[in-house]
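Visitor:
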Amino acid sequence: MIPKGKLSKADLVRAADRLRHSNPINHFGFQLVQAERGRAVFRMPVLELHKQIHRVVHGGVVAMLADTAGGFAAFLAAPRGSRVVTIEMKINFLEPIEHGEIKADARVLRQGRTTSVVDCDVTDQDGRLVGKALMTFSILLKQK
């Protein structure tokens, strides 16, 4: 099953609360651009703190952006009250990024009862595919 559709007001409140309490989002300047059930798009302006010694964005920062977008897409598709945690991630770094803005567009490919598989395209400001990630998230259901 692939979840789709608009978010309710309660879901939007839950999403906003989650964003406020995310240290990586706040520290690295990730910004939510679009959110719907099973999909999240984040953008990040390239800052000096994101670059490694060769003056391009560090792969770990690109991976963190993809993981954040993927986790948020999985979170928005999961049952209310549950949590999601990354249990597997594979990423290909396709192009170096020196400046501008990066966008991570994550979509749930398969939503199960206990896991969610998410695909994420990472593009630069020119629309070039600079990274591709595939992630699996564990869905931790609320204890009764």
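Position one of the sequence shown corresponds to residue 57 (my numbering), numbered consecutively onward. Even for Gly, the Cβ is constructed at its ideal location relative to N, Cα and C.
1. Could you tell me which residues DSSP pairs with threonine 171 in its beta bridges?
2. Measure from the alpha carbon of cysteine 176 to the alpha carbon of each residue in Ala119, Val141, Pro135, then state which is nearest.
3. Anyone know if the C-beta pair for glycine 187 and valine 178 falls short of 8 Å?
4. Just to confirm, are arginine 254 and isoleucine 158 a CB contact at a threshold of 8 Å?
5. Can leucine 132 and alanine 66 be called in contact, C-beta distance under 8 Å?
6. Could you give the residue range of the alpha helix (DSSP H) that holds valine 113?
7. Out of curiosity, what's the CA-to-CA distance linking leucine 103 and glycine 85?
8. Give me the Cα-Cα distance between leucine 63 and arginine 93, rounded to the nearest whole angstrom.
Guide: Walking through what the data contain:
1. Reading the sequence shown from its first residue, position 115 is the one you call residue 171. According to DSSP, threonine 171 bridges with Ser194.
2. Residue numbering aside, residue 176 sits at position 120 when the sequence shown is read from its first letter. Nearest to cysteine 176 by C-alpha distance, out of Ala119, Val141, Pro135, is Ala119.
3. Residue mapping note: residue 187 aligns to position 131 of the sequence shown, counting from 1. Residue mapping note: residue 178 aligns to position 122 of the sequence shown, counting from 1. Yes; because the gap between Cβ atoms is below 8 Å, this pair is in contact.
4. Given a span of 57 to 200 for the chain in the structure shown, any question on residue 254 remains unanswerable.
5. Residue 132 sits at position 76 when you count from the first residue of the sequence shown. Residue 66 sits at position 10 when you count from the first residue of the sequence shown. Not in contact: leucine 132 and alanine 66 (Cβ atoms no closer than 8 Å).
6. Numbered from 1 along the sequence shown, position 57 holds the residue referred to as residue 113. For valine 113, there is no enclosing alpha helix (DSSP H), as DSSP marks it with neither H nor E.
7. Translated into the one-based positions of the sequence shown, residue 103 becomes position 47. Translated into the one-based positions of the sequence shown, residue 85 becomes position 29. Each residue's alpha carbon lies about 9 Å from the other.
8. Within the sequence shown, numbered from 1, the residue matching residue 63 stands at position 7. Within the sequence shown, numbered from 1, the residue matching residue 93 stands at position 37. Answer to the nearest angstrom: the Cα atoms are 6 Å apart.
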